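Each remark here refers to the structure printed beneath this line.
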Amino acid sequence: MKIERCEQNPILVKNKNNSWENLCVLNPGVIYDEKQKKFVMLYRAGGDDLKHKISIGLAESSDGIHFERCSDNPVLIPESELADGECLEDVRIVQIEDIFYIVYAGRFRAIGKYWLPREEYIKLYGEPKQQEGAWPLFVRNNHTVSYLAATKDFREFIRLGRITDSRYDDRDVFLFPEKVEDKFVRISRPKCRPDETCKKPSIWITFSDDILEWGKPELLMQGEEWWETERIGGAAPPIKGKNGWIMLYHGVERRADGKEIYRVGAVLLDLKDPSVILARTKEPIMTPEEDYERKGLFGECVFPTANIVKDGMVYIYYGCADQSVGVATVGLNELEEHLNGCMRSRE
Numbered sequence: 002m003k004i005e006r007c008e009q010n011p012i013l014v015k016n017k018n019n020s021w022e023n024l025c026v027l028n029p030g031v032i033y034d035e036k037q038k039k040f041v042m043l044y045r046a047g048g049d050d051l052k053h054k055i056s057i058g059l060a061e062s063s064d065g066i067h068f069e070r071c072s073d074n075p076v077l078i079p080e081s082e083l084a085d086g087e088c089l090e091d092v093r094i095v096q097i098e099d100i101f102y103i104v105y106a107g108r109f110r111a112i113g114k115y116w117l118p119r120e121e122y123i124k125l126y127g128e129p130k131q132q133e134g135a136w137p138l139f140v141r142n143n144h145t146v147s148y149l150a151a152t153k154d155f156r157e158f159i160r161l162g163r164i165t166d167s168r169y170d171d172r173d174v175f176l177f178p179e180k181v182e183d184k185f186v187r188i189s190r191p192k193c194r195p196d197e198t199c200k201k202p203s204i205w206i207t208f209s210d211d212i213l214e215w216g217k218p219e220l221l222m223q224g225e226e227w228w229e230t231e232r233i234g235g236a237a238p239p240i241k242g243k244n245g246w247i248m249l250y251h252g253v254e255r256r257a258d259g260k261e262i263y264r265v266g267a268v269l270l271d272l273k274d275p276s277v278i279l280a281r282t283k284e285p286i287m288t289p290e291e292d293y294e295r296k297g298l299f300g301e302c303v304f305p306t307a308n309i310v311k312d313g314m315v316y317i318y319y320g321c322a323d324q325s326v327g328v329a330t331v332g333l334n335e336l337e338e339h340l341n342g343c344m345r346s347r348e
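Remember, our numbering sits 1 above the position in the sequence shown when you count from 1.
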């Protein structure tokens with residue numbers, strides 16, 4: 002199977018004229034709006050300020066490749082007095098009926114220039130310290146908590162609140178694009194494990210009768226292969242295929258020199274019970290190859306956060322080295338055939 006990178010990559014880069022996005026743009030949520038006949042992108046953006054607050058910008062495209070910014074201002078702004086705080090990161094979007102639901106990771110306070118070597122980071126910010134006082138755990142430790150917002154037009158947004166347990170430092174969270182057996186479905190990757198039998202950050206699945214209130218997470222999958230030894234996490238809301246839900250995920254390998262490498266795999270989940278894995282790729286389907294993927298704020302990183310099916314093609318949108326946005330394409334039939342060849346025994 003061959004995934005084709007777009008010749009125009011990276012398709013979205015930093016904008017030096019806007020202070021909130023003059024350093025990096027990355028990890029976008031993308032949806033195809035049938036009413037507007039447009040691809041709509043919400044992208045993570047950061048400026049070259051010491052705190053490195055993170056905002057969400059808006060861009061649109063008619064062809065899924067050439068995106069134009071809709072404003073010189075972000076559409077979701079970090080606000081220190083709110084629980085989702087100073088970092089709004091890694092958007093994933095689904096449309097359920099006429100509402101676009103937006104899941105994003107939030108931190109109570111900005112963590113600064115996280116990509117710097119530890120020695121340089123300590124010189125700038127000092128040793129990380131817990132927030133003093135009788136604060137909740139996520140405030141004391143500045144854990145990531147994942148939040149839900151909603152919109153009908155991508156101009157006005159309602160910030161609905163958190164949808165993950167604030168104790169578990171949870172991110173890489175997204176919803177399925179429709180209910181399954183009359184349940185909402187959520188994928189997440191808690192860093193602080195809710196089950197001590199899971200030794201490293203892994204992918205969990207949770208079901209809900211109400212999109213804000215969730216049941217007990219179940220372990221869906223852990224790292225198994227050589228390229229996912231450090232951790233794995235969900236990439237983008239899944240695609241409903243002929244034989245199951247097609248879900249991309251990222252795997253992280255830590256080399257002997259300490260450098261982490263982010264690659265991409267795919268898994269096929271049962272249509273009626275997505276906690277059942279039908280197929281899983283043994284080898285990555287994407288790995289950092291191009292300069293814009295290997296060099297950046299966090300090099301050697303391809304990080305998908307959206308996949309859109311249009312005219313039989315899957316558009317995979319991804320962050321490139323925490324610096325810019327790229328897109329790659331593959332035929333839906335080709336992707337399904339590849340996963341069919343990875344089918345697991347149902348015994």
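Ideal Cβ positions, reconstructed from N, Cα and C, are used throughout, including at glycine.
Owing to the predicted nature of the structure, the values given are computational and were not obtained by experimental measurement.
Out of the options, state which residue places its alpha-carbon closest to the alpha-carbon of residue i.
i, options, result
"residue 177", "304, 94, 30 and 153", "94"
"residue 309", "15, 26 and 35", "35"
"residue 274", "118, 187, 317 and 158", "187"
"residue 221", "228, 190 and 128", "190"
"residue 61", "74, 43 and 51", "43"
"residue 27", "329, 331 and 318", "318"
"residue 304", "100, 81, 92 and 128", "92"
"residue 70", "236, 217, 155 and 291", "155"
"residue 90", "217, 288, 76 and 330", "76"
"residue 129", "111, 137 and 136", "111"
"residue 81", "153, 253 and 54", "54"
"residue 276", "291, 331 and 218", "218"
"residue 288", "280, 240 and 329", "329"
Look at the alpha carbon of residue i and the alpha carbon of residue j, and state the distance between them as a whole number of angstroms.
i, j, result
"residue 107", "residue 86", "6 Å"
"residue 348", "residue 262", "With a pLDDT of 46 at residue 348, under the threshold of 50, the modelled position of this residue cannot be trusted; read the value that follows with caution. If I take the Cα positions, the gap works out to 34 Å."
"residue 141", "residue 256", "31 Å"
"residue 231", "residue 296", "21 Å"
"residue 68", "residue 13", "7 Å"
"residue 163", "residue 171", "11 Å"
"residue 283", "residue 226", "7 Å"
"residue 29", "residue 40", "12 Å"
"residue 258", "residue 121", "18 Å"
"residue 119", "residue 145", "20 Å"
"residue 147", "residue 32", "19 Å"
"residue 158", "residue 344", "41 Å"
"residue 205", "residue 307", "18 Å"
"residue 336", "residue 272", "16 Å"
"residue 301", "residue 229", "14 Å"
"residue 243", "residue 105", "29 Å"
"residue 79", "residue 56", "6 Å"
"residue 83", "residue 167", "14 Å"
"residue 269", "residue 134", "46 Å"
"residue 100", "residue 127", "43 Å"
"residue 260", "residue 281", "25 Å"
"residue 241", "residue 138", "37 Å"
"residue 290", "residue 15", "21 Å"
Given residue i, which residues of its chain have a CB within under 7 Å of its CB, disregarding the five upstream and five downstream residues?
i, result
"residue 286", "2, 4, 265, 266 and 267"
"residue 11", "293, 321, 325, 326 and 327"
"residue 298", "25, 116, 322, 323 and 324"
"residue 72", "59"
"residue 199", "220 and 223"
"residue 238", "93, 95, 175, 176, 177 and 178"
"residue 215", "164, 187, 207 and 209"
"residue 161", "149, 150, 151 and 213"
"residue 182", "273"
Might you give, ordered along the chain, the residues of its own chain that have their beta carbon closer than 8 Å to the beta carbon of residue i, omitting 5 neighbours on each side?
i, result
"residue 102", "94, 95, 96, 149, 150, 151, 176 and 212"
"residue 63", "38, 39 and 40"
"residue 51", "113, 114 and 125"
"residue 184", "208, 209 and 210"
"residue 131", "141 and 142"
"residue 7", "66, 327, 328, 329 and 330"
Within the same chain, show all residues whose beta-carbon is closer than 6 Å to that of residue i, passing over the 5 residues directly before and after it, in chain order.
i, result
"residue 333", "310, 313 and 315"
"residue 125", "none"
"residue 353", "For the chain, the structure presents residues 2 to 348; residue 353 sits outside this window and is missing."
"residue 109", "86, 140 and 143"
"residue 17", "23"
"residue 192", "170 and 202"
"residue 236", "249, 250, 251 and 305"
Who does residue i pair with in a DSSP beta bridge?
i, result
"residue 89", "107"
"residue 305", "319"
"residue 185", "209"
"residue 250", "235 and 266"
"residue 68", "None, per the DSSP bridge assignment."
"residue 56", "46"
"residue 287", "265"
Check whether the Cβ of residue i lies closer than 8 Å to any heavy atom of the ligand SAM, and answer yes or no.
i, result
"residue 47", "Looking at this structure, you won't find the ligand SAM or any other ligand, since it has none at all."
Inset, instruction - For the region 6–26 and the region 44–59, state whether three or more C-beta atom pairs, one from each stretch, are separated by less than 8 Å. - result: yes
Inset, instruction - Specify whether the region 241–260 and the region 326–344 touch according to this definition: at least 3 beta carbon pairs, one from each stretch, less than 8 Å apart. - result: yes
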